[in-house]
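Visitor: Numbering (the numbering used here), first residue to last: 4 to 73.
We put the beta carbon where it would ideally sit given N, CA and C, even for glycine.
Below is a structure I'd like to ask you about.
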């Protein structure tokens, strides 16, 4: 018995740059957050295309010291 795409667990990911998945022809836009399968996440993250939503929006730093934002 196989799982359909709608049954596959999803993971939120922050898109780090514009890209198009050559296999699915699905396009992704930098800066958006998308829900993708865990397998897609592993592949895209390994290629540097997506990251964790919070990690992708890290606060600016100055030599590792957080910079105050007004």
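#1: With residue 48 as the anchor, note down where its alpha helix (DSSP H) starts and where it stops.
#2: By alpha-carbon positions, which one of 39, 45, 32, 29 ends up nearest to residue 15?
#3: Taking Cβ positions, are residue 13 and residue 56 nearer each other than 8 Å?
#4: Under a Cβ-count criterion, where at least 16 other Cβ atoms within 10 Å of its own Cβ denotes burial, should residue 43 be classed as buried or exposed?
#5: So for residue 38, helix, strand or coil by DSSP?
#6: Does residue 46 get closer than 8 Å to chain C when you measure Cβ to Cβ?
#7: Buried or exposed for residue 28, please, with buried defined as at least 16 other CB atoms from any protein chain shown within 10 angstroms of its CB.
Guide: Let me spell this out:
#1: To locate residue 48, count along the chain shown from 1; it is residue 45. Residues 41–49.
#2: In the chain shown, the residue the question calls residue 15 occupies position 12. For residue 15, the nearest C-alpha among the options comes from 39.
#3: For the purposes of this step, residue 13 is identified with residue 10 of the chain shown, where counting begins at 1. For the purposes of this step, residue 56 is identified with residue 53 of the chain shown, where counting begins at 1. No. Outside cutoff.
#4: Taking the chain shown and counting its residues from 1, one reaches residue 43 at position 40. It counts as buried.
#5: Looking up residue 38 in the chain shown gives position 35. Residue state, collapsed to three classes: strand.
#6: Protein chain content of the structure displayed is limited to a single chain, and chain C is not contained in it.
#7: Working through the chain shown from its first residue, we reach residue 28 at position 25. Burial call: exposed.
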